[in-house]
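**Student:**
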Amino acid sequence: MEADRLLAAALQAEEDAAAAREAGRPPDEQARLVAELNAGVAKALSVEDASARAAALELMQLAELRAEAAATAALHARLGEPLRCSEGDLAVQGLAAWFKASFFTWVDQPPCEVCGGGTTHAGMAAPTPQEAAHGAGRVETYRCTVCSQVTRFPRYTHAVKLLSTRRGRCGEWAHTFLLLLRAADFEARHVSDCADHVWCEYWSDGLGRWVHVDACERSWDQPLLYEAGWGKRIAHAFAAGRHGVADVTRCAPAARGRGWDAAWRRHNRRRA
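As structure tokens, this is what we get:
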């Protein structure tokens, strides 16, 4: 499958970059960027799988979310309060809220799988054949501070597997939420800042543009969140969807207003 091939190439590039850092060699920025693009494309292609989308639909409360969106729109109409978005946009907002509150869990350090105690990072491990079969190119290990048992945290990259584990960091969150958006028949794409964060965008028929949505933050149409709220400095931003890859740096948080000049300077420094 093309998605698996691209993801394998991206994971290999990550391993090569890590090895270069350990050896004190400068990173290959071009290779890193290609790997990031390949990973985004792989995730975008993986959520087009019919069986994956069917599995997501079985878990989603889509009918209820659409009914709530319709009720909210109707209420605003009765009150004479125009909405700046459509029912579809309201449904995406509801989906993000449900996803964060009830479906997915953020993991920094997983609890001990034996006693439930706290853990500390104990290094990396090679994936087992079963873990690798679900796209885990790397596995983090954590030692329990109570019973000393080691808990494995495979970084799965197969969206269907993530529907069952329902945990991870921004990569797992964005990938799984992208699957839910596509299962709900929204045109959607995976966005990466090519540094340390990823999120989603979907096409809003009501607004006539791509709209930022970050389930990790339950954030809708707040593209300035990362620079204004987190203090991030973004040099690149690329969106990958079923129709291809787009450079969205000009549309990304860093590029709003005067930020574009700063983003372009950071881009040139990385190339130097």
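Residues 16 to 287 (our numbering) are what the sequence shown spells out, left to right.
The beta-carbon is built from N, C-alpha and C at its ideal position, and this holds for glycine as well.
Give me the DSSP bridge partner(s) of Val129.
**Tutor:** Answer by DSSP bridge pairing: none, since Val129 is not bridged.
**Student:** Using 8 Å as the threshold, is the stretch 239 to 259 in touch with the stretch 209 to 217, meaning 3 or more CB pairs across them?
**Tutor:** yes
**Student:** Per DSSP, what kind of secondary structure is Trp245 in: helix, strand or coil?
**Tutor:** coil
**Student:** Work out the CA separation of Gly259 and Thr143 for me, nearest whole Å.
**Tutor:** 32 Å
**Student:** So for Arg181, helix, strand or coil by DSSP?
**Tutor:** coil
**Student:** Per DSSP, what kind of secondary structure is Ala89 in: helix, strand or coil?
**Tutor:** helix
**Student:** I need the DSSP call for Ser207, collapsed to helix, strand or coil.
**Tutor:** strand
**Student:** Report the CB separation of Ala255 from Val263 in whole angstroms; it is logged as a contact under 8 Å.
**Tutor:** Contact between Ala255 and Val263 fails: their C-beta atoms lie close to 10 Å from each other, not under 8 Å.
**Student:** Looking at the strands, I want to know which residues DSSP matches up with His227.
**Tutor:** Glu216
**Student:** On the three-state DSSP scale, how would you describe His201?
**Tutor:** Before going on, a small fix: residue 201 reads as Phe here, not His. Of the three classes helix, strand and coil, the one that applies to Phe201 here is coil, per DSSP.
**Student:** Can you have a look at Arg204 and say buried or exposed, based on whether 16 or more other CB atoms are within 10 angstroms of its CB?
**Tutor:** With 16 or more other Cβ atoms from the protein chains shown falling within 10 Å of its own Cβ, Arg204 counts as buried.
**Student:** Please check the pair Ser101 and Gly221, which I expect to be a contact at CB under 8 Å, by giving their CB distance rounded to whole angstroms.
**Tutor:** 3 Å
**Student:** In its own chain, which residues sit with a C-beta less than 7 Å from the C-beta of Arg233, not counting the 5 before and 5 after it?
**Tutor:** Ala111, Ala112, Lys115
**Student:** Could you check which residue in Glu63, Leu74, Gln45 has the C-alpha nearest to that of Arg257?
**Tutor:** Glu63
**Student:** Can you tell me whether Val228 is buried or exposed? The criterion is at least 16 other CB atoms within 10 Å of its CB, across all chains shown.
**Tutor:** buried
**Student:** Run the CB neighbour count on Cys130, radius 10 Å, all protein chains shown included, and call it buried at 16 or more, exposed below.
**Tutor:** exposed
**Student:** Please name the residue in Ser117, Glu51, Gln45 whose C-alpha comes closest to that of Val206.
**Tutor:** Glu51
**Student:** Quick one, are the C-beta atoms of Phe119 and Arg182 less than 8 Å apart?
**Tutor:** yes
**Student:** Please report the straight-line C-alpha distance between Ala243 and Gln108, rounded to a whole angstrom.
**Tutor:** In this model, Ala243 and Gln108 are separated by some 21 Å (Cα to Cα).
**Student:** Report the residue from Ala261, Trp121, Asp208 whose alpha carbon sits nearest the alpha carbon of Leu239.
**Tutor:** Asp208
**Student:** For Val122, which residues in the same chain have their Cβ closer than 8 Å to its Cβ, ignoring the five residues on either side in sequence?
**Tutor:** Phe168, Arg182, Gly183, Arg184
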